[in-house]
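Visitor:
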Amino acid sequence: CYSDVNVFGKMTGGDISDNKKTYLYLKALELASEDDRNHLLNLFKMPKGRNEEKIQAVLNIYDKYNVKNIVEKLMTEYYEKSLQDLNSIEASEENKEILRDYAAYLYTRNKWELGLRGNLFIPLNFTVSEKLFIFLIIR
Numbered sequence: 054c055y056s057d058v059n060v061f062g063k064m065t066g067g068d069i070s071d072n073k074k075t076y077l078y079l080k081a082l083e084l085a086s087e088d089d090r091n092h093l094l095n096l097f098k099m100p101k102g103r104n105e106e107k108i109q110a111v112l113n114i115y116d117k118y119n120v121k122n123i124v125e126k127l128m129t130e131y132y133e134k135s136l137q138d139l140n141s142i143e144a145s146e147e148n149k150e151i152l153r154d155y156a157a158y159l160y161t162r163n164k165w166e167l168g169l170r171g172n173l174f175i176p177l178n179f180t181v182s183e184k185l186f187i188f189l190i191i192r
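Here the numbering used here is used: the first residue of the sequence shown is 54, the next is one more, and so on.
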C-alpha cells in the first residue's frame with residue numbers, strides 16, 4: 054500500500070482499494086484505539102474501487118500507529134532469520150544461492166523479474182507455487 058509504481062509496479066493504495074486484509078491492516082486493528090479501529094473497519098466495508106479519500110484515511114491510521122515501520126522491522130527480522138536457517142541446512146551452495154536470490158526478491162519485491170542462474174527469469178505474475186515448482190525442476 055506504500056508502493057512506488059516506478060519501483061514496485063503497483064499504485065499506492067491498491068490493497069486498500071481492493072479491501073485486502075493485509076498484515077498492515079491487521080496490525081493497525083490490533084494497535085488502534087476503539088474509535089480508529091471502528092473507523093478502519095468501516096473504511097474497509099466501503100465498495101472496492103479507487104477512492105483517494107479512503108486511501109488517505111487508511112494511510113493516516115497506519116501512520117498514526119507507526120504500522121509501516123513495525124511491519125518493515127518484522128519483514129527484516131524474518132528475512133534475516135530465513136538466511137540464517139538457509140545457511141544451516143545441507144544443500145549445495147548453488148541451490149542455496151537460488152533460494153537466497155528468491156528470498157531477496159521477496160524481501161525487496163520490485164517489479165523487475167527475478168534472475169536465477171544468470172539467465173533464467175521467472176515472471177512476477179507466476180504464483181509462489183509456480184515459482185517453487187520451477188525451482189524444484191532446475192535444482
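Cβ coordinates follow ideal geometry from the N, Cα and C atoms, glycine included.
DSSP three-state call for T129: helix, strand or coil?
Guide: Helix.
Visitor: Would the segment 72-90 count as touching the segment 105-119 if we require 3 or more Cβ pairs under 8 Å?
Guide: With the cut-off at 8 Å, the segment 72-90 and the segment 105-119 touch.
Visitor: Under three-state DSSP, which class holds I142?
Guide: Three-state DSSP puts I142 in coil, outside helix and strand.
Visitor: How far does the alpha helix (DSSP H) with D116 in it extend, from its first residue to its last?
Guide: That run of the alpha helix (DSSP H) goes E105 to K117.
Visitor: Can you tell which of S141, G67 and T129 has its C-alpha closest to the C-alpha of Y158?
Guide: If we check each option's Cα against that of Y158, T129 comes out closest.
Visitor: Work out the CA separation of E105 and K73 for me, nearest whole Å.
Guide: K73 and E105: Cα-Cα distance of roughly 16 Å.
Visitor: With burial defined as no fewer than 16 other Cβ atoms inside 10 Å of the residue's Cβ, what is the status of K101: buried or exposed?
Guide: Exposed: under 16 other Cβ atoms inside 10 Å.
Visitor: In whole angstroms, what is the alpha-carbon distance linking T161 and Y132?
Guide: The straight-line gap from Cα to Cα measures roughly 10 Å.
Visitor: Would you give the residue range spanned by the alpha helix (DSSP H) that A194 belongs to?
Guide: An answer regarding residue 194 cannot be provided, because it is not within the stretch 54 to 192 covered by the chain.
Visitor: Which class does N148 belong to by DSSP, given the choice of helix, strand or coil?
Guide: The answer is helix: DSSP assigns N148 an H, G or I state.
Visitor: Quick check on this structure: which residue in H92, S145, L152 and R103 has the alpha carbon closest to the alpha carbon of L136?
Guide: For the residues H92, S145, L152 and R103, the minimum Cα distance to L136 belongs to L152.
Visitor: For A144, count neighbouring Cβ atoms within 10 angstroms of its own Cβ and tell me buried if that reaches 16, exposed if not.
Guide: Exposed: under 16 other Cβ atoms inside 10 Å.
Visitor: For N148 and D154, what's the separation of their Cα atoms in angstroms?
Guide: Roughly 10 Å between the two C-alpha positions.
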